[in-house]
Amino acid sequence: HATTLAGSATLIGTSSNLLIAGLAAPAGVGLTMFSFVPIAVPVALVGWLVLLLTAPLLLRGRHEAPERDSSWRVEIPLSERANAIGRTAAEVGIDFTPDFELLEIRRWGERLDRDSRLQADDKLVYRATEPGVLMLWGNPRFGLAPHNLYAVSIATDEEATVRELEEGEDLVVVAAQSDQPLRSTAALPGAKCFVAAASADVLTDHPLVGLWQKVVGKAPQTGKTWAAVTILAAVITAGSFGIAPVELIAVAGATLMVLTGVLTPRSAARALNWNILAIIAGSVGLGTIVVKSGLGERISDAILTLSAGNTALVVVVFVLGTTVLTNVVTNSAAAAILTPVALGVTATTGIDPVLLLTLIGTCISFTFINPFSHQSNLMVMGPGGYSTAT
């Protein structure tokens, strides 16, 4: 909820604001990068205060959390590229979460305290859940090689350890279910472990691998971080000063990410969420239907009748109406329906259309009831263990 409220403060902070701006543009109403700030920022500040006061009560667990299966031993080396070098694991957030815990640091065979400052070639040893293994692999702090992570099933009748999977092969064993060092962990037939390899070709003919499956793509690479930050800053700056249309600036920024090697064309294509794009595209069509069918005009007339033309009452009606509608349908659909309605009301009452549209954009973020109303809610449902009821 905190991020949703904050996202409504700028034009590019949420897709519904972009949709409102796109639907309002043909009517001659221009919304800039910071048009939403006067309303959205005070509302966000009040919302954060409410969350700060109520969250400790609302998040108080009613049942004991299920015990996590932290049976995986993970051993990750720190490369010279790692941005955790010279800092402690706690300082960079790789010491403890509910899904993994740092057990020890190994340096040239010696065991160090967990609060020791990290150096290149240190080996960090963790106890983790299976999701924790994936979280560690996806953490950019280790400077890992650009390899994929595979889950493999061991197939051997000979006595061996999981480390022997590495012998003569271009792969690294990352994790196995064991409480012993990986070099001492027996490679039992049918046992599962995680290995990193440049490609699946290494596993196809491996004598100790029965089955394999790619579970995570290449480990994050931090070499292009500053290029990515520079492009992002340029996109925000260009959009803020209205140098070009926001959609053109956004496409240019995405293209630069690919041209500079921050993203590969394939990863850029995979990053597109076609479901969300389809929802937004459908919402644009819904807005057109609202206008062409005369529904927008009818709703505008009803609002004017209900408020008796009083500006304060118009604002109250839109606040309540937007809040209810955004929790019944998606935020994009609410924007598509209410934008033409707001334009119709402002044409009759003389209210500043920018004021009313930014009010709608802010209230659309009040998606506190229906988790399907906003993509941010859907993103936290799984990790947070939430249901529609909670």
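Residue numbers (our numbering): 783 to 1172. Yeah, the Cβ is synthetic: ideal placement off N, Cα and C, and Gly gets one too.
How big is the Cα-Cα spacing for G1021 and S797?
-> 15 Å
Look up R864 in the DSSP assignment and say whether it is helix, strand or coil.
-> Residue identity differs from the one stated: residue 864 is Ala in this sequence, not Arg. Coil at A864, not helix or strand.
In whole angstroms, what separates the C-alpha of V1064 from that of A1129?
-> In the sequence under discussion, the amino acid at residue 1064 is Gly, which differs from the Val named in the question. If you take the alpha carbons of G1064 and A1129, they lie about 26 Å apart.
Cutoff 8 Å; reference A806; Cβ partners in own chain excluding five residues on either side | G812, L813, T1121, L1125, P1135 and L1139
Would DSSP call I794 helix, strand or coil?
-> coil
To the nearest angstrom, report how far apart V1110 and L787 are at their CA atoms.
-> 18 Å
How many angstroms separate the CA atom of A974 from the CA atom of V1123?
-> Contrary to the premise, residue 974 reads as Lys rather than Ala in this sequence. Whole-angstrom Cα-Cα distance: 58 Å.
Taking 8 Å as the cut-off, decide whether the C-beta atoms of A937 and L953 are in contact.
-> no
Exposed or buried, which one is L970 when buried takes at least 16 other CB atoms within 10 Å?
-> exposed
DSSP beta-bridge partners for T879?
-> F882
Every unbroken beta strand (DSSP E) within the stretch 978 to 1058, with a cutoff of 3 residues, ordered by chain = 991 to 998
By DSSP, does N930 sit in helix, in strand, or in coil?
-> strand
DSSP on S935, reduced to helix/strand/coil?
-> strand
Check whether the stretch 1044 to 1056 touches the stretch 821 to 830, taking contact to mean three or more Cβ pairs, one atom from each stretch, closer than 8 Å.
-> no
Comparing alpha-carbon positions, which option in F1154, V1044 and L926 lies nearest T1007?
-> V1044
Presumed contact (8 Å Cβ cut-off) between S1158 and T785, rounded CB distance | 6 Å
Pair every Cβ in the stretch 1078 to 1087 with every Cβ in the stretch 1020 to 1034, then say whether three or more of these pairs are closer than 8 Å.
-> no
From A809 to S1114, what does the alpha carbon distance come to, in whole angstroms?
-> 19 Å
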